[in-house]
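K.L.:
Structure incoming, see below.
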Amino acid sequence: MSEEGFENDESDYHTLPRARISQRKRGLEWFICGGWKFLCTSCSDWLINICRRKKELKARTVWLGCPEKCEEKYPKNAIKNQKYNIFTFIPGVLYEQFKFFLNLYFLIVSCSQFVPALKIGYLYTYWAPLLMCKKNLINLHQISFTEYGTKKMLKSNCSGYCRWSCLIMLFNQRIPSDMVFLRTSEKTGSCFIRTDQLDGETDWKLKVAVSCTQRLPALGDLFSINAYVYAQKPQLDIHSFEGTFTRVGLLDLELNQLTKALFLALVALSVVMVTLQGFVGPWYRNLFRFLLLFSYIIPISLRVNLDMGKAAYGWMIMKDDNIPGTVVRTSTIPEELGRLVYLLTDKTGTLTQNEMIFKRLHLGTVSYGTDTMDEIQSHIINSYSQSSAPKVRKSVSSRIHEAVKAIALCHNVTPVYESRAGVSGETEYAEVDQDFSDENRAYQASSPDEVALVQWTESVGLTLVNRDLTSMQLKTPGGHILTYYILQIFPFTSESKRMGIIVRDESSGEITFYMKGADVAMSTIVQYNDWLEEECGNMAREGLRTLVVAKKSLTEEQYQDFESRYNQAKLSIHDRNLKVAAVVESLEREMELLCLTGVEDQLQADVRPTLEMLRNAGIKIWMLTGDKLETATCIAKSSHLVSRTQDIHIFRPVTTRGEAHLELNAFRRKHDCALVISGDSLEVCLKYYEHEFVELACQCPAVVCCRCSPTQKAHIVKLLQHHTGKRTCAIGDGGNDVSMIQAADCGIGIEGKEGKQASLAADFSITQFKHIGRLLMVHGRNSYKRSAALGQFVMHRGLIISTMQAVFSSVFYFASVPLYQGFLMVGYATIYTMFPVFSLVLDQDVKPEMALLYPELYKDLTKLLMVALTIRTWHWLMVVAEFLSLGCYVASLAFLNEYFDVAFITTVTFLWKVSAITVVSCLPLYILKYLKRKFSPPSYSKLTS
C-alpha cells in the first residue's frame, strides 16, 4: 500500500456511504463498462468452490500399532504425479495441441475432405500425415513426462505404509513419508537426518527420539505399549510444490506467428485466383478449393520435422562425452539454448563447490594463514605439555590455546564411526562393532562451516572424539582425553545469526559460555575493540566466510541464577520465545573477543574461463545469492563474473522512496560498471521505481544480488522477461533454486551436494558448471541454427509446389483442379524430400572446438535458403540421405506407372529441360551467395579458411 493510502484512511471512511449512492446511480453504466465480467467471474468462482470443496483438515490421533482404534480413515501413503487421468487425457492432449494455429489449420483442412464438393484428393493424403504428427507429439510429450516423474516414483516402494505403521530404518536409508522418531540404537536417543530432497540442504540435522519410548528396555517393547500420537492438522510448509510439466519454446511461438502470416498470403492468393476467374458459378466453393490446393504453403510436415529434430538434438546432448552425465528432461526447447541473453546463477554449490576449507585465524594483533598453521600446532602442543598456563599476562600461545579450544567446543558437530562389517544383527548393539580409530572418524553437523572448523582443530592437535547430548570429549596432542559437560546449548537461527554453548570442565569445574556468529550480530556483544570491523571486511574481500568467536567465564552462582530464569522462561505459556531470548541476551554482554575465523568456499573447476566465455558470447550474467554483500562481491571478482577492467557500483542500503531515488540517480551517472545490490534495497527499488531500476540494471555487464530469498530470485527472472522480452536461463543446485529455475525460459539444474531437487525440476541437468559452456556454445548454437534451417526449407518446399499449382491453374483458365493426384502429393512432402531435408540436423558450420574458442559466434545466425547452398560440413549420412531419396523416386517409376509418364521421362528432351530448369533456378542463388560471401562474409569464414 502506498503512503497516500495510509493518510486517507479516515477520509475514505467518511465518504464511503456517498460512494455507494454514487455507484447506485451509475449501476447500468457500471454493468455495461465491465460489471458483467465481474459478475460472471464471481459466479464462476462460486461454482468452482462448490464443485471443488475440499475436505476440512483437522488434527488427528494415531494409535501406535493399533489400526482398529483409528477413528477416521486416512488416505494411503501413495503419491500420484500424473498429469492426466483416464477421463482428461484425450481432451487435455487435444487442447494442448490444437490451441496452436498451425495444428488447428491442419485439422480444419483434413476435415474439409469429408465434404464431397471440397474433396480434391484421397482422405489418407491429409489424415495420414496429421495422425502421424499427433502421434509423434503425444509420444514425445509422454516420454518427457514419464522421465520427469513417474519412473522416479516407482523406485520408492512405500505406498503400503499406513498411518499406524512402525518401521525400522537403517543407516543411509531414505524415508519417503512423515514419521515420528521413537527410538534409536544410540543410548542418548540422538540421530542425524538430512532433508536434501525437501529443501536442498545437505547438512545433517540432529533429532532426538521421544524420551518415553527411548527409555524402553528393548526394541520389542514398542509393540506392547498402549500409546498414541496426537498431531496438528497438515500445514503448508516447504513440502508444498508448484511446478510445470511442459514448456513452449520461442521458436515454436515464432513459427505459429509465421503460420498466420502464410495463411493470410494463402487467402490473398486464393482470392486473386477467384477474382481472375470472374466469380463465376459457386465462387465461394472455388475459393475454398483454392485454399485447399494452396494449403501446401503451410506444410503439415513442418511440425513433424521440427519435433523429430528436437528429439535428435536431445540425444546428441546426452551422448556427448565431453559433458558426461547431462540429462535432457524436455523435448520441446533445446534450441532455446542458442538464444539466451540473460543467465541467472546461484553462488553456493553452483559457482562454488560447497566445500569449506579453513583459511585464516586472526587474533587481533597477529594473523595466521594456510602457510603458518604449523606455528599454531606447535603452540597447542606446548600449551598442553605445560602444567599450567600463564596467569598474569596472556601470551600469544595462551591466546591461541583459548581460541582453538573455543572453536573445538562451540559447535553442533558430532563425530561418527562406521561399523566394521556393515549393519547386521541387533541394532541395539550396533555400537559394539564400531571402529573408534582416527582414520574411521567422520563429522556430521548442520553446517559445512562447522565441519571445516572442527576438522581444522583436529589438524592442529585438538580433536573431537566423542559427543552426546550431555557431554563432549576432546583429545589433546599428547593423547589425553578432556571431558566437558554440556550445560546449555543455543542453536543458530537466521534471526540471531549466532550460536552459543555453556560447558563445564570436568577437571577444574570451570563454567564457560562460548559464542560464535556473524560479525553484524557479535560486534555489539563483544568488548570494545578497534580491529574486528576492519578485519572482517578484509576477509570478506578475500572471499572468506567469517565467524567471530567469544567467551565469558561464569561463576557457579551466576550460572544457577541464569538456569532458573531460563527454565522459568521456557515454561511460559505466552510469548515463550521472546522471554527465552531475553534471558539469553542478558548473558550476552561484554564477552571477551577471542578470534576471527575465515573459511573459504572453493570455486568449481573452470568457473573463470566458463564465465568469461559466456560474457564474450554476449550473455549477461546475474548472480543471485543469499550470502552477504562482501562475500558475494569477492566471489564475483574471483570467479571473473566481473572482469578486471570493470568498476563495481555497490548500491547503498535504502529503506525509503527518497533514498532509492537519490541512489538510482547516482547509479545512472555510472557507465559500464557492475552492480551489487542487497535484497532489501532491491525490494524498495522495485516497489517505487521498478521500470527505471530494471532499465538501468539491464545496461550493466553483470549484476550481483545478495541476501536474496527464493521468492526474490523467481521475481527477478520474471521482471527480466517482462521488461526486456529476452530469453532467460536460470541455473542452480539446491531446492531454494527451484522457483528461479522454473520461472526462467530455460532451466538448468546441477546435481550437487544439495540433492537432486533442482536437477529434477530443470529442463537440462548437468554435473558441473563448466559444462554449461559446451551446452550453450556448441549444442545450443547448433540446435538453433539447424531448427531455423529446417523450418525455412520445409516452408520453401511447400512454396515450390504451391507456385507450380498456381501456374497450372492460371494456364487452365483458373480451374481449381490439383496438379498432382493422390500419392504423389504425399510422397513429395515425405519420402521424396524427407531424408535430405532432415539431414540438416547433422550440419555444422564450424567445429565444436572452434565454437568454444570463439564464443562470439554464438551471436551469429546465418539466413539459410537451400540445403545444397548452406551445408558446410557434409556428413556421410547426408550423402546416404541424398541417394536414398533418389532411390525412392526411381522405385516409384516402377511401381506407380499410373502417376508417371515413363516414356517421356526417359527421353533426352526431359533430361535437358530438367537440367535447364535446375541451372536457371540455382545459378542466380550461387551468384548471390558468392557476392554475399565476397562483400559480407560470415563471422566464421576466416576461421574455416
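Residues in the sequence shown are numbered consecutively from 1, following the UniProt record's numbering. All C-beta atoms in this analysis are idealised placements derived from N, C-alpha and C, irrespective of residue type, glycine included.
(1) Take residue 946 as the anchor and find which of 767, 792 and 814 has the nearest alpha-carbon.
(2) Assign residue 567 to one of two classes, buried (16 or more other C-beta atoms within 10 Å of its C-beta) or exposed (fewer than that).
(3) Excluding five sequence neighbours on each side, which residues of the same chain lie with their C-beta closer than 7 Å to the C-beta of residue 337?
(4) Which whole runs of the alpha helix (DSSP H) in the stretch 749–796 are 4 residues long or more, in chain order?
(5) To the nearest angstrom, how far is it from the Cα of residue 154 to the Cα of residue 174?
(6) Would residue 664 and residue 689 qualify as a contact pair, given that the criterion is a beta-carbon distance under 7 Å?
(7) Counting contacts by CB-CB distance shorter than 7 Å, is residue 331 in contact with chain B?
(8) On the DSSP bridge list, what partners appear for residue 505?
(9) Report buried or exposed for residue 577, applying the criterion of at least 16 other Cβ atoms within 10 angstroms of its Cβ.
(10) Throw me the rounded Cβ distance for the residue 604 and residue 712 pair, which I believe falls under 8 Å.
(11) Would you check if the distance between the CB atom of residue 900 and the CB atom of residue 893 is smaller than 7 Å?
(12) From residue 386 to residue 517, what does the alpha carbon distance come to, in whole angstroms?
(13) Exposed or buried, what is residue 927 when buried is set at 16 or more other beta-carbons lying within 10 Å of its beta-carbon?
(14) Can you tell me the Cα-Cα spacing of residue 149 and residue 765, whole angstroms?
(15) Would you mind working out which of 697, 572, 637 and 299 sits nearest residue 262, comparing C-alpha positions?
(16) Going by beta-carbon coordinates alone, are residue 858 and residue 617 separated by less than 7 Å?
(17) What did DSSP end up calling residue 702 once you bin it into helix, strand or coil?
(18) Could you pull the start and end residues of the beta strand (DSSP E) that residue 647 belongs to?
(19) From residue 701 to residue 740, what distance separates their C-alpha atoms?
(20) Residue 477: which of 412, 404 and 417 sits nearest, CA to CA?
(21) Counting along the chain, where does the alpha helix (DSSP H) carrying residue 827 start and finish?
(22) For residue 473 and residue 481, which I take to be in contact (beta-carbon distance under 8 Å), what is that distance rounded to the nearest angstrom?
(23) Nearest to residue 463 by alpha carbon, out of 406, 515, 492 and 497?
(24) Evaluate residue 537 with the Cβ neighbour count: other Cβ atoms within 10 Å of its Cβ, from every protein chain shown; 16 or more gives buried, anything less gives exposed.
(25) For residue 127, which of helix, strand or coil comes out of DSSP?
(26) Could you check which residue in 209, 612 and 172 has the C-alpha nearest to that of residue 187?
(27) Whose C-alpha, out of 96, 255 and 372, is nearest the C-alpha of residue 795?
(28) Which value, in whole angstroms, describes the spacing of the CA atoms of residue 925 and residue 260?
(29) If you follow the beta strand (DSSP E) that residue 598 is in, where does it begin and where does it stop?
(30) Does residue 324 pass the burial test, meaning 16 or more other C-beta atoms within 10 Å, or should it be called exposed?
(31) Determine the extent of the beta strand (DSSP E) in which residue 671 is found, giving its start and end residues.
(32) Which same chain residues, not among the five before or five after residue 937, have their C-beta less than 8 Å away from its C-beta?
(33) Please classify residue 217: is it buried, with 16 or more other beta-carbons within 10 angstroms of its beta-carbon, or exposed?
(34) Confirm, please, whether the CB-CB distance from residue 818 to residue 287 is below 7 Å.
(35) What are the boundary residues of the alpha helix (DSSP H) that residue 559 is part of?
(36) Buried or exposed for residue 930, please, with buried defined as at least 16 other CB atoms from any protein chain shown within 10 angstroms of its CB.
P.N.:
Well, looking at it:
(1) In the structure as shown, the chain starts at 1 and stops at 945, and residue 946 therefore has no counterpart that could be examined.
(2) exposed
(3) 746, 775, 776, 779, 780 and 783
(4) 757–761 and 771–774
(5) Legend: pLDDT at residue 154 = 31, less than 50; position of this residue unreliable, value from coordinates given subsequently. Spanning the two alpha carbons is a distance of roughly 14 Å.
(6) yes
(7) Among the chains of the structure shown, chain B does not appear; only one protein chain is present.
(8) 484
(9) exposed
(10) Their Cβ separation, rounded to whole angstroms, is 24 Å, which puts residue 604 and residue 712 out of contact at 8 Å.
(11) yes
(12) 31 Å
(13) exposed
(14) Residue placement at residue 149 cannot be trusted, given a pLDDT of 31 that sits under 50; the coordinates are not used to answer.
(15) 299
(16) yes
(17) strand
(18) 647–650
(19) 21 Å
(20) 404
(21) 823–829
(22) 5 Å
(23) 406
(24) exposed
(25) helix
(26) 209
(27) 255
(28) 28 Å
(29) 592–603
(30) exposed
(31) Unbroken run through residue 671: none, as it is neither H nor E.
(32) none
(33) exposed
(34) no
(35) 556–570
(36) exposed
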